[in-house]
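Structure record follows, encoded as C-alpha cells.
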Amino acid sequence: MLLRLAVWSVLESGQTFLGGYALARALDDGFLAGQRGTGLAWLGLAALAVALGAYGTGRVYRAMADLVEPLRDALVRRVVARAVGDAGSGAGGGGGGGGAGGGGGAYGTGGGGGGVTAVSRLTHQVEIARDTFAGLVMVSRSFVFVAAGALVGLFSLAPVLLLVVLPPLLLGLALFLATLRPMARRQEAFLEADERIAETLGAVASGLRDITAAGAEEPVGADAAERIDAEYQAARSLARWGVVRVLATGLGGRLPVVLLLVSAPWLLGRGVTTGALVGALAYLQQSLLPALQSL
Numbered sequence: 003m004l005l006r007l008a009v010w011s012v013l014e015s016g017q018t019f020l021g022g023y024a025l026a027r028a029l030d031d032g033f034l035a036g037q038r039g040t041g042l043a044w045l046g047l048a049a050l051a052v053a054l055g056a057y058g059t060g061r062v063y064r065a066m067a068d069l070v071e072p073l074r075d076a077l078v079r080r081v082v083a084r085a086v087g088d089a090g091s092g093a094g095g096g097g098g099g100g101g102a103g104g105g106g107g108a109y110g111t112g113g114g115g116g117g118v119t120a121v122s123r124l125t126h127q128v129e130i131a132r133d134t135f136a137g138l139v140m141v142s143r144s145f146v147f148v149a150a151g152a153l154v155g156l157f158s159l160a161p162v163l164l165l166v167v168l169p170p171l172l173l174g175l176a177l178f179l180a181t182l183r184p185m186a187r188r189q190e191a192f193l194e195a196d197e198r199i200a201e202t203l204g205a206v207a208s209g210l211r212d213i214t215a216a217g218a219e220e221p222v223g224a225d226a227a228e229r230i231d232a233e234y235q236a237a238r239s240l241a242r243w244g245v246v247r248v249l250a251t252g253l254g255g256r257l258p259v260v261l262l263l264v265s266a267p268w269l270l271g272r273g274v275t276t277g278a279l280v281g282a283l284a285y286l287q288q289s290l291l292p293a294l295q296s297l
C-alpha cells in the first residue's frame with residue numbers, strides 16, 4: 003500500500019522535475035538558439051508531464067483511500083466495542099440495584115448518555131481522526147516528493163544553483179520544524195480556554211435567575227471575565243507563533259528567489275545559462291514555494 007503510494011507520488015513528482023527542466027531546455031536548445039521546433043518539442047514534453055502528473059495524482063488519492071479507510075474501520079470497531087461494553091456495564095449496574103424501577107432508571111440514564119457519547123464519537127470524532135490522518139499524510143507526502151523533484155531538477159540544470167537555494171531552504175525548514183511543538187502546545191491551550199468559556203457561559207445562561215436571586219452577579223461576571231482574558235492571552239500567544247511560522251515559510255520559499263535574482267550575474271559568469279536561471283525560478287515559484295505554504 004505504501005509502496006503503491008510512493009510509486010504514484012514519483013510519477014506525480016515527474017511533473018515537477020520536467021516543469022523546470024523542459025522550460026530550460028526549450029530556451030537554451032530551442033528558442034534562444036533559433037530552433038523553434040526544438041523549443042516547442044520541449045514545451046510539448048512539459049505539457050505531457052502535466053497530464054501524467056494529473057493521472058498520478060488521481061492514483062495517489064485512490065491509494066490514500068486504501069490507506070486511510072482501514073484506520074477509520076479500526077476506529078469504528080473500537081468505538082462500537084467500547085459503547086457495547088459501557089451499555090453492558092450499565093445494564094449490570096441496573097440489575098444489581100434490586101428494585102425494578104431503580105434498575106430501569108439506572109439503565110435508562112447510563113445507557114442513554116453512553117449511547118449519545120458513542121454516536122458523537124462515531125459520527126464526528128472518528129471522521130475528524132480520519133481526515134486529520136489523511137491530511138497529514140497528503141501534505142507531508144506532497145512536500146517531500148515535490149521538493150525532491152525540484153532539487154533534482156536544479157542539480158540537473160546546474161549544481162551551483164543548489165548553493166544559492168539550499169541554505170535558505172534548509173534554514174526555513176529548520177525554523178518551521180522548531181515551531182511545531184510550541185504551536186501544538188499553544189493550540190491546545192487555546193482550545194482548552196475556549197472550552198472553559200463555553201462551559202462557563204453555558205452555566206451562566208442556564209442559571210441567570212438563580213444568580214440574580216443570590217446577588218452573585220459580580221463574582222460570576224469576574225469569573226467569566228477571567229476566563230475570557232485567559233482565552234485572549236492564549237490567542238495572542240498562538241498568533242505570535244503563527245507569525246514565526248509565516249517567517250519560516252518566507253525564509254525557505256521567498257528568500258531563495260531573491261538570492262537567485264541577486265546572484266544572477268555571478269551565476270551567468272560561471273556558466274549557468276539563461277534557460278537554467280528561468281527553470282530555477284520556475285522550480286522555486288511553482289513548486290517549492292507552494293509546497294512550503296501547504297505545510
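Just so we're aligned, residue 3 is where the sequence shown starts under our numbering, counting upward by one.
Each residue gets a CB set at the ideal place from its N, CA and C atoms; glycine is no exception.
Bear in mind the structure is a predicted one, so any value in this text is a computation, not a measurement.
Exercise. State the Cα-Cα distance for the pair residue 227 and residue 215, rounded to the nearest angstrom.
Key: So the two alpha carbons sit approximately 21 angstroms from each other.
Self-check item: Cβ-Cβ distance between residue 237 and residue 178 below 9 angstroms
Solution: No, these two residues do not count as a Cβ contact at 9 angstroms.
Quiz item: Given 8 angstroms as the limit, is there contact between the stretch 263-278 and the stretch 163-178, that is, 3 or more CB pairs closer than that?
Solution: yes
Self-check item: Separation of residue 199 from residue 230, as counted between CA atoms
Solution: 6 angstroms
Quiz item: CB-CB under 6 angstroms to residue 7, same chain, minus the five flanking residues each way: which ones, in chain order?
Solution: 65
Quiz prompt | Of the listed residues 205, 180, 194, nearest to residue 251 (C-alpha basis) | solution = The shortest Cα separation from residue 251 among 205, 180, 194 belongs to 180.
Self-check item: Span separating the alpha-carbon of residue 162 from that of residue 296
Solution: 27 angstroms
Quiz item: Is residue 298 buried or exposed, if buried means 16 or more other CB atoms sit within 10 Å of its CB?
Solution: Only positions 3 to 297 of the chain appear in this structure, which leaves residue 298 out of reach.
Quiz item: Between the stretch 51-68 and the stretch 27-40, are three or more C-beta pairs nearer than 8 angstroms?
Solution: no
Exercise. Report the three-state DSSP secondary structure of residue 246 (helix, strand or coil).
Key: helix
Quiz item: Under the three-state reduction of DSSP, which class applies to residue 5: helix, strand or coil?
Solution: helix
Self-check item: Segments assigned beta strand (DSSP E), at least 3 residues, entirely inside the stretch 233-277
Solution: none
Quiz item: Taking just the CA atoms, how far does residue 26 sit from residue 294?
Solution: 23 angstroms
Exercise. Give me the Cβ distance between residue 253 and residue 174, rounded to the nearest whole Å; I'm assuming they're in contact under 8 angstroms.
Key: 4 angstroms
Exercise. With residue 171 as the anchor, note down where its alpha helix (DSSP H) starts and where it stops.
Key: 163-208
Practice problem: Consider the C-beta atom of residue 272 and the heavy atoms of the ligand NAP; say whether any pair is separated by less than 8 angstroms. | Solution: Here there are no bound small molecules, and the ligand NAP is not part of this structure.
Exercise. For residue 23, count neighbouring Cβ atoms within 10 angstroms of its own Cβ and tell me buried if that reaches 16, exposed if not.
Key: buried
Exercise. Reducing DSSP to helix, strand and coil, say where residue 218 ends up.
Key: Residue 218 falls in the coil class under three-state DSSP.
Quiz prompt | Nearest-angstrom Cα separation, counted from residue 84 out to residue 149 | solution = 43 angstroms
Quiz item: Is the beta carbon of residue 86 less than 9 angstroms from the beta carbon of residue 143?
Solution: no
Exercise. Using a threshold of 9 angstroms, state whether the C-beta atoms of residue 171 and residue 255 are closer than that.
Key: yes
Quiz prompt | Whole-number beta carbon distance between residue 128 and residue 52, since they are thought to touch under 8 angstroms | solution = The Cβ separation is near 36 angstroms, so there is no contact.
Exercise. Starting from the C-beta of residue 278, find all residues in its chain whose C-beta is less than 6 angstroms away, skip the five residues before and the five after it, and write them out in chain order.
Key: 26, 159, 160
Practice problem: Whole angstroms is fine: what's the gap from residue 281's alpha carbon to residue 146's? | Solution: Taking C-alpha positions only, residue 281 is separated from residue 146 by approximately 20 angstroms.
Quiz item: For the candidate residues 184, 264, 258, whose alpha-carbon lies nearest to that of residue 242?
Solution: 184
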